[in-house]
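Encoded as structure tokens, the structure appears first; notes follow it.
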Amino acid sequence: MTAVTEIDLSDHTEFDGHEKIFRMEDKATGLLSFVAVHNSNLGPALGGCRYYAYTNEADAHSDVLRLSRGMTYKSALAGLPLGGGKSVIIANPDKPKTSEMMQAFGEGLEKIGGLYVTAEDVGTTEEDMVSISNSTSYVSGLPPSDKSPLSGNPSPLTAQGVFCAVRDVTNAFGERDKLAGVKCGILGLGAVGYSLARYLDELGAKLVLADINDDALQRAKREFSSVEIVSPDNLHRQDVKVFAPCALGGGLNDKTIPEIKAKVICGAANNQLAERRHGKILHDKGIIYTPDYVVNAGGIIAVAYAYYAQIGENPFGHEMNRENMVAKIEKIGDTTREICLRSREEDLPTNEIADKMAEAVFLN
Ligand code: NAD
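To convert, take the position in the sequence shown, counting from 1, and add 12; that gives the working numbering.
If you want it as structure tokens, here you go:
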């Protein structure tokens with residue numbers, strides 16, 4: 013039996029006016045989870061469930077609050093009928109993740125009653141979403157089905173959105189040759205980074221790549237036309253036009269920024285700026301930083317279409333087919349270009365412009 017209690021974190025530094033925060037516990041399976049609903053003005057709060065070995069509950073609170081706020085901004089700027097929320101499960105070394113634990117998590121979501129809808133995040137899989145779906149319908153990220161043919165792994169669509177942003181921003185800022193021969197650095201050749209490399213290779217870009225996984229690098233060398241491999245610590249120092257962080261967050265910080273030579277930073281990794289002030293430092297250096305939550309929204313767009321197809325509702329005002337979904341992902345390029353142009357006109361960092369634009373959507 014999953015116990016669900018609403019908790020008060022209004023004193024927390026990351027609180028930011030969250031609508032509701034819940035603690036969910038099931039002693040039998042070892043489930044201990046927090047669900048944060050930041051804002052539901054535009055629709056149910058959709059965001060992934062992170063399964064992670066937090067050292068204590070306070071760390072889990074900070075993470076869930078920060079992540080759920082980010083989802084509100086991401087969905088608003090992607091033009092989705094969704095609010096922002098997120099959940100975390102504290103990994104318990106004595107009671108590892110089981111399908112029973114995920115079902116207990118689903119039971120808790122059912123009690124919350126649709127205010128929050130979950131999906132995959134770090135540490136959770138499509139299989140986990142299937143387990144959750146045994147006890148609630150408030151779950152997306154399920155395998156494709158007759159009801160929801162657009163479901164499935166969203167990573168290639170995240171990559172497509174990042175690619176559109178790279179293409180449209182570099183075109184707007186001087187690269188009229190559609191990236192042919194332009195040097196682009198990608199840090200992290202995983203599900204998103206590798207697909208991004210393929211898009212850039214198809215346009216004739218010269219790739220400078222780094223990953224801790226040598227297999228991915230060797231595969232890239234075999235498959236793409238122009239590949240230079242450097243160490244992960246050195247990627248940000250390369251003389252490239254575009255730097256695409258596609259591994260971990262926090263890579264844009266006091267140590268790396270003075271060494272960055274790229275003109276444009278555009279990649280999928282979440283929370284690339286170590287702190288908000290780093291957006292201003294990049295702006296003052298004349299480096300165009302495309303806000304991560306704007307350019308990596310392809311995945312949430314795909315998950316949103318899949319979810320609404322699954323529950324048989326259509327809040328989009330157009331047919332929920334692949335063509336319209338891809339058109340929305342392509343718009344990421346337009347939105348990113350608009351943010352970068354406004355940043356130049358108003359002499360303000362891109363992350364501040366993006367936040368203002370998102371707030372104009374979800375606060376009105
Ligand atoms: P992934 O786990 O498939 O790939 C990450 C890659 O980074 C791996 O190849 C890994 O070896 C490499 N890596 C890890 N640590 C590294 C290091 N220190 N230096 C160099 N390489 C390192 O992840 P993904 O799904 O491709 O996601 C990449 C980033 O994009 C993540 O930050 C993720 O949160 C974000 N993101 C992903 C999606 C999506 O749809 N997958 C959506 C939005 C945001």
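Positions of the beta carbon are idealized from the N, C-alpha and C atoms, including for glycine.
Residue i CB to nearest heavy atom of the ligand NAD below 7 Å
i    : result
A222 : yes
A209 : no
T170 : yes
P244 : yes
N282 : yes
L79  : no
A366 : no
N265 : no
A192 : no
F176 : Checking the sequence shown, residue 176 turns out to be Cys, not Phe. Checking every heavy atom of the ligand NAD against the Cβ of C176, none is found closer than 7 Å.
C258 : yes
P166 : yes
V204 : yes
A131 : no
L201 : yes
A370 : no
G197 : no
A286 : no
G262 : no
A5   : In the structure displayed, the chain extends from 13 to 376; residue 5 sits before or after that span and is not available.
G329 : no
G311 : yes
A274 : no
A228 : yes
N308 : yes
N225 : yes
Counterpart residues of residue i in DSSP-defined beta bridges
i    : result
N255 : The sequence shown places Phe at residue 255, not Asn. Bridge partners of F255: G197 and I277.
V47  : F34 and S99
N225 : Per DSSP, none; premise fails for N225.
A57  : G95 and Y128
N104 : K107
L264 : L285
Host alpha helix (DSSP H) of residue i (start-end)
i    : result
Y85  : E69 to L89
K218 : That residue, K218, is in no alpha helix (DSSP H); its beta strand (DSSP E) goes K218 to A222.
R289 : R289 to D296
A192 : Counting along the chain, A192 falls outside any alpha helix (DSSP H), and DSSP gives it neither H nor E.
E364 : T362 to F374
Q172 : S167 to A184
A309 : It is not in any alpha helix (DSSP H) - A309 carries neither H nor E in the DSSP assignment.
G205 : A203 to E214
S143 : E138 to I144
Element boundaries [beta strand (DSSP E), containing residue i]
i    : result
E325 : Neither: E325 is in no beta strand (DSSP E) and is coded neither H nor E.
V239 : V239 to I241
Y64  : C61 to Y64
Local conformation of residue i per DSSP, three classes
i    : result
A15  : strand
A131 : coil
Y150 : coil
I344 : helix
I300 : strand
P270 : helix
L353 : helix
A40  : coil
Q230 : helix
M332 : coil
Q250 : coil
K123 : helix
F117 : helix
E358 : helix
D20  : coil
E26  : coil
P161 : coil
Minimum Cβ-Cβ distance from residue i to chain B less than 8 Å
i    : result
A228 : Absence of chain B from the displayed structure is noted, only one protein chain being present.
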